[in-house]
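Written below as structure tokens is the structure these notes are about.
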Amino acid sequence: MHLVETPVTDPDAQLLLEHYFASRGDGFPPELGTYRVTFPDPTKFLPPHGVFVVLRGEGDVPLGCGGIRRLDDATFEVKHVWLEPAARGQGWAGILMQHLEDRAKSLGAAAVLLDTNASLLGAAKLYARRDYENIPAYNDNPNATNWYRKDLA
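First residue of the sequence shown: 1, per UniProt numbering; consecutive thereafter.
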């Protein structure tokens, strides 16, 4: 397993994002309406504004992805963390999150934020293990029900 920083426009990144969005749409709580897909702006996921990472397994197979984007001088947002179902349960989500947090810090972040939906129970457990704290909403993402922050200092 290895991580490769790549543009969001990379074909493997696009494929993983398509899987991510399809999964989110399929599992989105009906009482919240329809999941709204917003593909990432490629310019916001390139240094120094952010990065996008593809997790690759044996044979260079793309297994997951995630990114960070700058919100302000000291804050980045974690976006689109996804592992293919066959890649889950092996600790790779934590490795991916650690890389994103480290890159945010290397780009000047003192904290990272993220939003998620309460229906993503595995994600909530991951964020709790990684010391993310619940915070009030920092954006108006219609797909989100929960918002988190982690100080990187």
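Backbone N, C-alpha and C fix where the C-beta goes; we use that ideal spot for every residue, glycine too.
Alpha-carbon to alpha-carbon, residue 141 and residue 124: 17 Å
Residue 11 in three-state terms, based on DSSP: helix
Spatial distance of residue 9 from residue 38 (CA atoms): So the alpha carbons of these two residues sit roughly 14 Å apart.
Chain-order list of residues whose beta-carbon lies under 6 Å from that of residue 57 (same chain, five-residue window excluded): 1, 63
Cβ pair residue 80, residue 138 closer than 7 Å: no
Identity of the residues DSSP links to residue 135 by a beta bridge: 147
Selected residue, minimal CA-CA separation from residue 118, among 102, 100, 136, 146: Of 102, 100, 136, 146, the smallest CA-CA separation from residue 118 is found for 146.
Nonlocal neighbours in the same chain, by C-beta distance under 7 Å from residue 27, ignoring five residues either side: 119
Residue 137 beta carbon near the ligand ADP (any heavy atom closer than 6 Å): By its list of ligands, the structure shown contains no ligand whatsoever, and the ligand ADP lies outside what it can speak to.
Beta carbon of residue 16 nearer than 7 Å to that of residue 92: no
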